[in-house]
Each structure stands twice: as C-alpha cells, then as structure tokens.
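Worksheet: one structure, shown below.
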Amino acid sequence: MAAEMITGALVSTFVQMTIDNLASRFGDLFRGDKSKKKQITKLKVKLLALDVVADDAEQKQFTNPLVRKWLLEAKDVVFDAEDLVEEINHALSKSQVEAQSHSTYTKVWNFLISCFVSSFENELIESRMEKLIQNLEHLATESHVLGLKKAHDVGVRSGWGTKLRSTYLPNEKLPDSISNLEYLRSLDLSYTSIKILTEKTCLLSYLQILKLNYCRDLEELPTNLHLLTNLCRLEFKGTKVGKVPPHLEKLKNLKVVMNFNVGHGREFGIQQLGELNLDGGVSIGELQNVENSVDALEADLKNKTHLVELELEWTRNGNSIDSEKVEDVIEKLEPPKNLKVLSIYDYAGKQFPNWLLKNSLLNLESLELCRCAPCHRLPPLGLLPLLKNLKISSCFDIVSIDADFHGNNFSSFKSLQTLYFSDMRQWEKWDCQSVTNAFPRLQHLSISYCPKLKGYLPKQLVPLETLYIIGCEQLEAAAPKALCLDLCNCGKLHLDWTTIKKLKMEETSSLEIVRSDTLKHLEIEHLEASIGDDTVSLWTFPLDFFPTLRILYLRRLGNLQMISHFGVHNYLHYLHISECPKLESFPGNIPFLKRLYIKDCPTLEAVLPSSNPFLNSALSTRWGLCGCPKLPNLREEALSQSISIFHVRGFPLVEEFSEEEGEEWEKGSSH
Numbered sequence: 001m002a003a004e005m006i007t008g009a010l011v012s013t014f015v016q017m018t019i020d021n022l023a024s025r026f027g028d029l030f031r032g033d034k035s036k037k038k039q040i041t042k043l044k045v046k047l048l049a050l051d052v053v054a055d056d057a058e059q060k061q062f063t064n065p066l067v068r069k070w071l072l073e074a075k076d077v078v079f080d081a082e083d084l085v086e087e088i089n090h091a092l093s094k095s096q097v098e099a100q101s102h103s104t105y106t107k108v109w110n111f112l113i114s115c116f117v118s119s120f121e122n123e124l125i126e127s128r129m130e131k132l133i134q135n136l137e138h139l140a141t142e143s144h145v146l147g148l149k150k151a152h153d154v155g156v157r158s159g160w161g162t163k164l165r166s167t168y169l170p171n172e173k174l175p176d177s178i179s180n181l182e183y184l185r186s187l188d189l190s191y192t193s194i195k196i197l198t199e200k201t202c203l204l205s206y207l208q209i210l211k212l213n214y215c216r217d218l219e220e221l222p223t224n225l226h227l228l229t230n231l232c233r234l235e236f237k238g239t240k241v242g243k244v245p246p247h248l249e250k251l252k253n254l255k256v257v258m259n260f261n262v263g264h265g266r267e268f269g270i271q272q273l274g275e276l277n278l279d280g281g282v283s284i285g286e287l288q289n290v291e292n293s294v295d296a297l298e299a300d301l302k303n304k305t306h307l308v309e310l311e312l313e314w315t316r317n318g319n320s321i322d323s324e325k326v327e328d329v330i331e332k333l334e335p336p337k338n339l340k341v342l343s344i345y346d347y348a349g350k351q352f353p354n355w356l357l358k359n360s361l362l363n364l365e366s367l368e369l370c371r372c373a374p375c376h377r378l379p380p381l382g383l384l385p386l387l388k389n390l391k392i393s394s395c396f397d398i399v400s401i402d403a404d405f406h407g408n409n410f411s412s413f414k415s416l417q418t419l420y421f422s423d424m425r426q427w428e429k430w431d432c433q434s435v436t437n438a439f440p441r442l443q444h445l446s447i448s449y450c451p452k453l454k455g456y457l458p459k460q461l462v463p464l465e466t467l468y469i470i471g472c473e474q475l476e477a478a479a480p481k482a483l484c485l486d487l488c489n490c491g492k493l494h495l496d497w498t499t500i501k502k503l504k505m506e507e508t509s510s511l512e513i514v515r516s517d518t519l520k521h522l523e524i525e526h527l528e529a530s531i532g533d534d535t536v537s538l539w540t541f542p543l544d545f546f547p548t549l550r551i552l553y554l555r556r557l558g559n560l561q562m563i564s565h566f567g568v569h570n571y572l573h574y575l576h577i578s579e580c581p582k583l584e585s586f587p588g589n590i591p592f593l594k595r596l597y598i599k600d601c602p603t604l605e606a607v608l609p610s611s612n613p614f615l616n617s618a619l620s621t622r623w624g625l626c627g628c629p630k631l632p633n634l635r636e637e638a639l640s641q642s643i644s645i646f647h648v649r650g651f652p653l654v655e656e657f658s659e660e661e662g663e664e665w666e667k668g669s670s671h
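UniProt numbering applies: residue 1 is where the sequence shown begins, and numbers increase by one.
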C-alpha cells in the first residue's frame, strides 16, 4: 500500500528485532528440532539480505518507480514477518501464564518449551514461515535485477553521514551543529521528545527525507523549510503542528504525510493543505474549527491524486452544533477517486455527504464510520465494488438497516470480507431478507453490544470463517453458517452445527446442543443450554455428541455434575475444567488425552479409575490440578510412565508425597 511507504530505517529496525528474537529465546525453544532450527537460520539469512540493500532502495525510490514498487512489496513481507513473530510471542505468553505457579526455574522452562513447541508445530505457522522465506528469496532476486547495492557500497552508516536516525534527544532539540552534516540525506527523529526543530536544519541542502512522526511535543516546523530544495518526503504524523511552513508548494517533488489539526484563523486553517502534494495518508482533526466551507474547498482534497488514506475527525466540546454547516464542510472535503481507506469520526451531520451516498469512491477498500450521530440512515455501501473491510460503531441514531444499505437487491458487497458492527444502541432491525447474493466473499462478521437487535441475520452460501456476537440479548435469529463462532450473551441464537469447527459460548441463556461430527474445539463458560426441547442449567455434558472433538474447555458451570461418555473417545487431546463446584466424576476411556487441567472443582473425588486403559498409553500426558481437595493420593498416577504431573496445588496428600520423594517428583515434572 502506498499510504505508508516503507523505508530502509524501518526495514533495518524490524530485521534486527526479529533476528534478536530468533537468536535468543526462540532459538533455545527449538534446540531439539534440527529441521526447525535450519528453517529459522534460513529465515535470518534472508532477512539480512533484505536489510543490507534497504537503504539504497530508500534513496532510489524517488527516481525509479520499480524500486518504489520493490519497497512496497518489502513492506508487505516485513509485516507478514511481524505477524508471525506476534503469533509466536502470543503462544509463548500463553505458556508463561500457565507456568507462573511452578516452583523452580527448570520446571517453568521445560514446561514453556513443551507447550511452545506444540504450538509451533501447528501446520499453519510452519507453512507461513516457508512462504515468508520464499517471498524473501523473490525480493533478493529482484534487488539484484534493480541494481540495489549493499549499505557499505553507498555510504550509508559510514563516514559520509548520509543517514541519521535518533531515538533520544537529551535537550529536546537538535544542536545547531546538525548543519555540519552537509551530505545528510535522511533525518529521522520520529518518536523523540523534540520540541524545536532548529532553523539550522534548513541548511542541509542534500536532505531528501525528513521524518518527525509521533513527536508529541513538536508544535511547529522551521519557516525556511522550503530552502531544502532536494526534499522529497516530509512526514509529521502524530504531532501538534498546526501551521504548515510557507512556500512548500515550491518544492515540486515534495510528498507530505501528516496529521493536521485545524486551528482558528486563516493562518492555521485547513486551506493550508491546498498547495501540498499529500502522499499516502493524511489525518485531519478538529474539523469543528473550520469557519467557512470555502476553506474546506480550498484544501482541494479531490485533486490529491497520491492520497490513498484519509481520516476526518471532529471534536464535540459540548457546544451547540450547526448540522448544516458540518454537512457543507464534509461535502467540500470530497476525496480523490483513487482513495482506498476512509475513516470518519464524530461527524454531526444529519446525513452523509453526497460523494459517499452516490458511491463515487469506486476504489475504496476500507471504511470506518464511528460516532456519526445524528445520522439515522447508512449510505448504500453495498455498491462499492472493491470494499473489503467495513466497520460501523457507536452510530446511536440508527434504528433500522434496510435494503438501501445494500443498494442492490440482486448483488451487493461483492468484495466485502470483514463486517463489524459495535455499540449500536438503538439498532433494532436488519432487513436483509429481500436481498439475494449479498456478501459472497464475507469471511468475518462481528456484532457486539447491540442490545435491541432482533430478527434476521444475513445468510451466506459459503460459511463464514468467524462469527462473533456479544451483548445482543434480544437476538433470536438463525446464525449464518460459520466455521468458528464466539458467542456471549446473545439471546436465543439458533446455530447450524453442520459446519462448526470451533465454538466458544459464554453467558448464553438458552442454546440447543445437538450432535456435531465437525466440531474440533469447544469452550463453554457460564452457560444454560438445552438438550432437545428441555432447557436446563447444564448439569451433564454429553461428550458423545462430539465424536471428533479435540479441545474442550468447561468453565464456571455452577450445576455441572458429570461429563457423560459411553465407549472410547479417540480424538480428545486437551481438556480444561475450572470453577465447576458440583462436578463429581470424570470421564474414562480417553486414550489420546495429552493435556488435562482441572481447577477449583471441590467435589471432584476421582480423576481416573485405576483400570483406565490410557494409563498404559505411550503418549505423554501432562496434568495441571489445583483446588480439588477431595482427590486422593495420586502417587501411582504420578509415577506412571505415561503421565507427568507438572502442576499440583491444593492436594495435601500429593504435596506430602512431593516433599518426601522430591527427586522422583522432579523427574516426573521434567518429562
């Protein structure tokens, strides 16, 4: 995406962070797996190959569009790597939470390794890492074709001083001696506490890139910035700058990425944007300060052809609002036709602008409408052919969403993948029954905190990947088909169990549980459910209903007494039961169980009968037991070659055993 061009500094910073992570904590975690260590080493090499040419690409992007395209592709790959590291970190964090109660460092670390390796073996993560390596190889090949040179060949980070990046300024300003760096081409002071950018900066005649993003205390820029005749890129997002330096329009090659808060008076007005070549994204705040809609027209957003992301925001300060004036201002802020991302916050007009109502933004891919009251009707957004992501929240005056929202009864939202509604307090009805072939590509639907919503929900021919519904107490509709569902306090929602693979339910007043041959992952918390036509506070969980279930969580079920199961369950690998005060018995015949966690079940008297066949299984089973005082001594189970108890708390007999035979205990805990 052109909105936020990636730079050599960003590539280098992220690459070093990723390599540090892979070389330290993650490297230890895979010390026993040669194939994964080899894969990680390969990834590090490919990342370094990208790093060494990134600075040269940053300099050449302004004169060579193919290099710019290469950088944009690099951005996508870098962010994919960032997502992968986040997933690895998330898996590690979950393991750390479970490990906090371990008594020794060895126990904790062994537990982290076992849990994390299990997570990493997930086929999805492995395939993503392999794809990432392939993409990096492709970028390396292209860099040779484009003639990109290594950093030491172009003077970057060398005695020439062509690039300077600082993260700490002790005096909150640059020294005047900055002007001595006469060959400086790139100056990045982002995220520093700088308050004043000295006029001496304007003597850096070779400077091409100046970045001041998120310098929260910076209020103004040097008045002679236009003297930097080679300046190609100026970024100052997240600052307090309210006045654009004069004569910047003279710099014909300059592209600006900025946040701009409208001030009072023409000197700080929105019309300052008119002469700037805005590139990528711009956020315009404090729009309530626009005194005349003509000023908004002079900003000339419509002709900013490089603008692909736009954020418009008003601040409601308690004063009376002239809705007509607000509507006139936003009408004059019509974006360019090629805009891809649009966000509107705290808009106080009674209707949306014509340029949104008439769907003139045919390239729009992402749209967010937040706190847009008193608008009571949504635009016909279903006609936007490329719209992929739509988020509507806190639009308190919308009571009904009807066919006009779709714009076409036969085909609407052709490209939409993610749809998000939140905090729609007055929304009662979604009239979507008359619309056919809507949402053909929808993957994720989220509806949260819409307490008055009732009636129908859209139906898809293709199941959703995820359906998230929370805080919709009056909803009694049939839910769309979905692979993964997350439901909380959602009334009497009717589920189609034929496609569900993962289901999480919490505080749902009535839900019919039926047999499912597809469900793999189930989480139930504080639930009343019905089996057949009888609504009961769940006292028995029918494990037989889910013959292919692999993961089961049961939490805060106040009346649960037993888990009923007949025969052998060959698929269940992970079982978590907590805060079930009436649970008395535990199911047997689960031969492939690998993880068992039971917490705060005070009436539970037996975990497994001694004759249970899985005690002799070759599979390693780890138990976590806490707050179950009626359980007997677990000596035999603990010393079983197939079971290693890694966490036991609140069992007097077990704790006594562990003190007497600590050596064996450590052995059992480190499997």
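Glycine is no exception: its CB is placed at the ideal position from the N, C-alpha and C atoms.
Measuring CA to CA, which of the options is closest to residue i?
i	options	result
V78	T63, K452, A54 and Q61	A54
S446	N389, I563, L301 and P587	N389
S190	C215, L251, I209 and S205	C215
K391	E368, S412 and L204	E368
D423	E473, Q417 and F586	E473
N303	N317, K325 and D279	D279
T540	P547, I513, T548 and W623	I513
Q426	T418, Q443, P440 and S448	S448
I398	K195, F421 and V241	F421
S127	G285, D80 and D486	D80
G281	H247, L181, H306 and V294	H306
K240	S205, N224 and L197	L197
V308	L361, E327 and C626	L361
K255	S343, C232 and K237	C232
E172	E182, G147, H138 and E219	E219
L416	S394, I401, G588 and L381	L381
E235	I270, S516, S186 and S193	S186
H576	S564, L554 and I590	L554
D346	L357, S366, N359 and S393	S393
If you count every other CB in all the chains shown that lies within 10 Å of the CB of residue i, and 16 or more means buried, which is it?
i	result
G567	exposed
Q433	exposed
N213	buried
D322	exposed
C490	buried
S412	buried
W70	buried
V244	buried
Q208	buried
S320	exposed
S24	Confidence is the limiting factor: at S24 the pLDDT is only 48, short of 50, which leaves the residue's position unreliable, though a coordinate-based value still follows. Exposed is the call here.
A479	buried
Q641	Low confidence applies to Q641: its pLDDT is 44, below 50, so where it sits in the model is not reliable, and the reading given next is rough at best. Burial call: exposed.
H569	buried
S143	buried
V145	exposed
L378	buried
A348	buried
L462	Residue 462 is actually Val in this sequence, not Leu. Looking at its Cβ environment, which holds fewer than 16 other Cβ atoms inside 10 Å, V462 is exposed.
residue 748	Past the edges of the chain, shown from 1 to 671, lies residue 748, and the structure says nothing about it.
G624	buried
residue 698	With the chain covering only 1 through 671, there is no way to say anything about residue 698.
Q134	exposed
S516	buried
Examine the ligand ADP and report whether any of its heavy atoms sits within less than 7 Å of the Cβ of residue i.
i	result
E334	For the structure depicted, the ligand ADP is absent and the ligand set is empty, with no information on it obtainable.
Rounded to the nearest angstrom, how far is the Cβ of residue i from that of residue j, given a contact under 8 Å?
i	j	result
H264	N292	Not confirmed; about 12 Å, so no contact.
L503	L493	In fact, because the Cβ distance is near 12 Å, the residues do not count as touching under 8 Å.
Y574	I598	12 Å between Cβ atoms; not a contact.
K383	L364	In the sequence as displayed, the identity of residue 383 is Leu instead of Lys. With 8 Å as the limit, L383 and L364 do not qualify as a contact, their Cβ atoms being about 11 Å apart.
L464	L487	Going by Cβ atoms, the distance from L464 to L487 rounds to 13 Å, so no, they are not a contact pair.
Cβ contact check for the region 221-240 and the region 250-260: 3 or more pairs under 8 Å: Cβ pair count under 8 Å is three or more, so yes.
Segment contact, 8 Å Cβ cut-off, at least three pairs: the region 408-421 with the region 351-361: No, the region 408-421 does not touch the region 351-361.
Alpha helix (DSSP H) runs wholly inside the region 379-433, at least 4 long, in chain order: DSSP runs (the alpha helix (DSSP H)) wholly in the region 379-433: 403-406.
Every unbroken beta strand (DSSP E) inside the UniProt domain "R13L1/DRL21-like LRR repeat region" (270-395) [3 residues or more]: Annotation: the UniProt domain "R13L1/DRL21-like LRR repeat region" (270-395) contains the following complete segments of the beta strand (DSSP E) (minimum length 3 residues), in chain order: 278-285, 307-313, 341-345, 366-370 and 389-393.
The region 369-378 / the region 331-341 touching (three or more Cβ pairs under 8 Å): Using a Cβ-Cβ distance cut-off of 8 Å, the region 369-378 and the region 331-341 are not in contact, since fewer than three pairs of beta carbons, one from each stretch, lie closer than that value.
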